[in-house]
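> Quick mapping for you: the protein sequence lines, in order, are chains A and B. The first sequence: position 145 = 150 (the working numbering), numbered continuously. The second sequence: position 79 = 81 (the working numbering), numbered continuously. Using N, Cα and C, we set each Cβ at its ideal position, and we do this for glycine too.
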Amino acid sequence: MTNTGTLKVTTPTDRQIAMTRVFDAPRRLVFDALTKPELVKQWLLGPPGWSMPVCEIDLKVGGAFRYVWQRGATEMGMGGVYREIVPPERVVHTELFDEDWTGGETLVTTVLTEQGGKTALSLTVLYQSREARDAAIKIPMEEGVAASYDRLAELLPSLA
Amino acid sequence: MNHSERLDTTFAALADPTRRAILARLASGEASVTELAEPFAMTQPAISKHLKVLERASLISRGRDAQKRPRRLEAKPLAEATEWLEGYRRFWEDTFQRLDAVLEELKTKEKKRGRAKR
Chain A
6 MTNTGTLKVT TPTDRQIAMT RVFDAPRRLV FDALTKPELV KQWLLGPPGW
56 SMPVCEIDLK VGGAFRYVWQ RGATEMGMGG VYREIVPPER VVHTELFDED
106 WTGGETLVTT VLTEQGGKTA LSLTVLYQSR EARDAAIKIP MEEGVAASYD
156 RLAELLPSLA
Chain B
3 MNHSERLDTT FAALADPTRR AILARLASGE ASVTELAEPF AMTQPAISKH
53 LKVLERASLI SRGRDAQKRP RRLEAKPLAE ATEWLEGYRR FWEDTFQRLD
103 AVLEELKTKE KKRGRAKR
């Protein structure tokens, strides 16, 4: 299993973004942290400065969830429906932001695999179109995350 | 080319180990086609083909020296491609670091509870 803490982001197809990340905790705890509102609220916050005043989860197939984030006067809401729930290893749900900046609903598949007390989280987001996926990747970038050219030289040997 | 088309061209150009090795070599300074071909068991025309793909993606350009025509790395398209995935990665990296902290807390609580039972 890869090292704890290393996040890998790939684009397996034109319409997908996949992420893998290993956590130093057993799978059932990771599953709880992903599905219990009082825990989700503590970490699913994105860039600094945001809080999550609304976090409602009805964890059953066909059940809905609703998240609202807030920073100052700005609010951002998102919701969806659970399609598959296999505790503590797999969740499939739909997702749609109120402002729909992802160009329609996305389908999110979360898979947890445990090995030696550590858990690999794999998250795959399927967008409606390539344009929608590209836009989703650009948004956090516009939050002020711009890679500097200085890292280029560092990066190139790892690409080779 | 718009932003998305440029990214397509860049990623397509990067989707080959020889081309990535050429870029890695050029990161340490410009080089002639002959110099670039040296480490590979490939003919010069085969290398030239790869160079053309990299040139079309604006990842490399040609230097002034008319005789040697050295190739050099162009940083901008690569930086754009990196930024694109990097932005997403950073967003989630911050978020997942907070999840690490939540999990640590859960583990500590469980341990305490386990001890209390005994």
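Would you call the stretch 22-41 of chain B and the stretch 51-62 of chain B touching, i.e. three or more CB-CB distances under 8 Å?
Yes: at least three Cβ pairs fall under 8 Å.
> What does residue 38 of chain A touch in chain B if you count any residue whose Cβ is under 9 Å from its own?
Correct list: 101, 104, 105, 108.
> Under DSSP, the beta strand (DSSP E) around residue 27 of chain A begins and ends at which residues?
Its beta strand (DSSP E) spans residues 21-28.
> Measure the CB-CB distance between residue 28 of chain A and residue 102 of chain B and report whether it falls below 8 Å.
Taking 8 Å as the Cβ cut-off, residue 28 of chain A and residue 102 of chain B qualify as a contacting pair.
> DSSP has residue 112 of chain A in a bridge; who is on the other side?
Answer is A:99, A:131, bridged to residue 112 of chain A.
> Return the CA-CA distance between residue 93 of chain B and residue 74 of chain A, expressed in angstroms with no decimal places.
Cα-Cα distance, rounded: 15 Å.
> Near residue 24 of chain A, what residues of its chain come up, given a Cβ to Cβ distance below 6 Å and the 5 sequence neighbours on each side ignored?
Around residue 24 of chain A: 14, 128.
> Please classify residue 104 of chain B as buried or exposed, where buried requires at least 16 other C-beta atoms within 10 Å of its C-beta.
Its Cβ being crowded by 16 or more others within 10 Å, residue 104 of chain B is buried.
> Closest to residue 35 of chain A by CA distance: which of A:132, A:116, A:137 is it?
Among A:132, A:116, A:137, the Cα nearest to that of residue 35 of chain A is on A:116.
> Relative to the alpha-carbon of residue 48 of chain B, which residue among B:83, B:16, B:20 has its alpha-carbon at the smallest distance?
Ranking B:83, B:16, B:20 by Cα distance to residue 48 of chain B puts B:20 first.
> Tell me, which residues are paired with residue 125 of chain A by DSSP?
DSSP output for residue 125 of chain A lists A:27, A:118 as bridge partner(s).
> Residue 51 of chain A touches chain B at which residues, Cβ-Cβ below 7 Å?
The contacting residues are 93, 97.
> Classify residue 58 of chain B as buried or exposed, calling it buried when 16 or more other Cβ atoms lie within 10 Å of its own Cβ.
The residue is exposed, with fewer than 16 neighbouring Cβ atoms inside 10 Å.
> Could you name the residues of the stretch 64-94 of chain B whose beta carbon sits closer than 7 Å to any beta carbon of chain A, in the order they occur along the chain?
From the stretch 64-94 of chain B, only 77, 80, 81, 84, 85, 86, 87, 88, 89, 90, 91, 92, 93, 94 have a Cβ closer than 7 Å to chain A.
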